[in-house]
Structures are given as C-alpha cells and as structure tokens.
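The sequence shown begins at 12 in the numbering used here and counts up one residue at a time. For each residue, glycine too, the CB sits at the ideal point set by N, CA and C.
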Amino acid sequence: MRLWKELEAGGKIALFDASDADVILRSSDDVSFKVYRKDLEAYSDGFVGPPSSIDEVEVVQLTETSRVLELLLQFMRRQRQPSFKDVDFNVLDGLAEAAEKYEVFSATEPCKIWMSAAASSHPVEVLSYAMKHDYTELANQCAVHTIGLDVDSTLKRLPPNAQLPWLRYCYKWHNVVPDLLRYKNPIQCRRKSPPDGPPCALWSEFYARVAEKFARGGLKVLQPGEIGSVFRIAEETTGIEDCPKCVLRTRFKMAGSRRAVGPAAKIHQIHHFVVA
Ligand SMILES: [Zn+2]
C-alpha cells in the first residue's frame, strides 16, 4: 500500500480530507480530494472504474479544476448543496459541464438554473451548453442574445452540433428584418381630410417610430413577446388613437410582424430539423 504522503501531491481541500478515504481525485491544478468510492458510485458515473482486488487507494487524475471539483463533490454526499451566489461564471460553466459529464444528477438541475440566469451576460457559452445537452428552452432563451455577434469568433466558441443551426437561425432573422421594415406607404388615410386633401400624417409618424425602435433595439426587440410593446409605445407617443383608421392599420401591422417573426424565433426547431 502506498503512503498517503506519497499520494498527496499538490494541495488538498479541508472538506475532502478523510483519512479513511479509498479514492484520491486529483484536479488539473494538482489539488487532491480524498473521497469515498461508495459516494462516487452512488451519485455519479465515470469517476472511477470497477473496484480493484488489491487493497490500494486509487488515484484518479481529472481534467477539472479544484474549484469545480470542490463544488461538484459537495453534491455527492449528505450535506447542504453549495450556493452559487458568488461563483465566477467560468467556474459555473466548468461545473455545469462536469455535472453532465459525470452524470451528477443532483447538480445538473441547479447548474441549469444558474446557467439560465447568465443567458444574457454569457450568451455564447450558455447556448453552447444548452445545445450540447439538448436543453431546448434554454437554447431559445439565450440564442436571441447571440444575434448580431461576430460570426467567425462566435462559431469558434460553439460546439460542432450548434454551428450550422446557429448560422441558419441568424440567417432567418436577418431575412425577417428587411421584410418588417419595408415601408408600404404613404397610406392614404383621409379620415380627417377632404377626399382630395393631403393624407393623414399620423401613420407616417407612427411607422417611422416603429422602424426607429426596430433599428435601434436590433433584433432583440423583434421577439414575439417584445413586438407588442414596440407598437404600444409608438402609438402612445404619436397620438395615433385620434384616427380609428390608422389604429386599425397598426393592429394589422402588429399581427403581421408577429406572424413574420414566429417561425424564425426558435433555434431548437432548426437544430432538430438539422439533426433529423
Ligand atoms: Zn390616419
């Protein structure tokens, strides 16, 4: 039997320093975690192979950092789950990946929730994670934040199974926008004018505000859930409610815009189409 001293290269974490442990997990930054085989077998898959017949402590070199392992292993024994509140995103990303890799199911769902909270601040990383592990709702949630990002650098950061769906997703969106912004006007609303008089100016002003909002807000405001608020704000600021004909047109225009963006809004549908 090898001596503990010999096995304990690098540092160690006080939480995982049991003297009767039968496995040492060694992190990529050379920190040792003394753990019990029974915990690894009960809570995960893939950390260790079948037990050896020789009565010897098993040493397993892992690719995860000590910070990731320190958190992950806390999901693998009887204790309160650790808080992610002050965890750096890179650690969370590594933890979420490790939880999937070793099938630590007690950690996968909490990781998913925290990754979801980072969807707008780290959209490419969260999209990669979501597409890799087939979390469709999360993929749709963060995909919108990736529209308009630099194509080359984003592709480099996405896993292979997400690259083509992402390109097609962006392409669809970029086709939708010119359609929405095409100005079919001036609409000859003459409700307040004599039949041969100048057209009502409200529609033109309203439409200019909608177009400006779409252009300034980028594709993010073109989500089906956001379109209504763009139209509502434009209505309120132009006083278009004074002209019932124009109000009716805004309703048609809004419905048409929602129909146009609906099919382009889901990256997971594109993803599954490609996979199928
Ligand atoms: Zn009008």
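Between ligand 1 and Lys264, a heavy atom-to-CB distance of less than 7 Å is absent. Taking 7 Å as the cut-off, the C-beta of Cys153 does not count as close to any heavy atom of ligand 1. Residue range 34-37 is occupied by the beta strand (DSSP E) that includes Leu36. Here the distance from the Cβ of Trp177 to the nearest heavy atom of ligand 1 is not below 7 Å. For the pair Val46 and Val34, the CB atoms are nearer than the 8 Å cut-off. For a cut-off of 8 Å, the C-beta gap from Met265 to Gly236 is around 13 Å, too long to register as a contact. According to DSSP, residue pairing for Glu108 in a beta bridge does not occur.
Closer than 7 Å to some heavy atom of ligand 1: that describes the Cβ of Leu213. Under the 8 Å Cβ criterion, the segment 151-158 counts as touching the segment 131-140, having at least three qualifying pairs. According to the DSSP secondary-structure assignment, Val70 is paired through a beta bridge with Ile35.
Per the C-alpha coordinates, the member of Ser268, Ser164, Ala226, Ala150 positioned closest to Tyr180 is Ala150.
The nearest non-hydrogen atom of ligand 1 is 7 Å or more from the C-beta of Cys181. By the C-beta criterion, the segment 78-92 is judged to be in contact with the segment 110-121, since at least 3 inter-stretch pairs fall below 8 Å. Taking Lys123 as the centre and dropping the five residues before and after it, the same chain places the C-beta of Ala107, Tyr146, Leu149 closer than 8 Å to its C-beta, in chain order. Cβ-Cβ distances below 8 Å link Leu103 to Phe95, Cys122, Trp125, Met126, Ala129 in the same chain, with the five nearest sequence neighbours on each side left out; the list follows chain order.
Using a Cβ-Cβ distance cut-off of 8 Å, the segment 168-186 and the segment 211-218 are not in contact, since fewer than three pairs of beta carbons, one from each stretch, lie closer than that value. Nearest to Phe58 by C-alpha distance, out of Arg260, Gly105, Tyr113, Phe44, is Tyr113.
Counting every other CB atom within 10 Å of its CB across the protein chains shown gives Thr165 a total of 16 or more, marking it as buried.
In this structure, the C-beta of Cys257 approaches ligand 1 to less than 7 Å from one of its heavy atoms.
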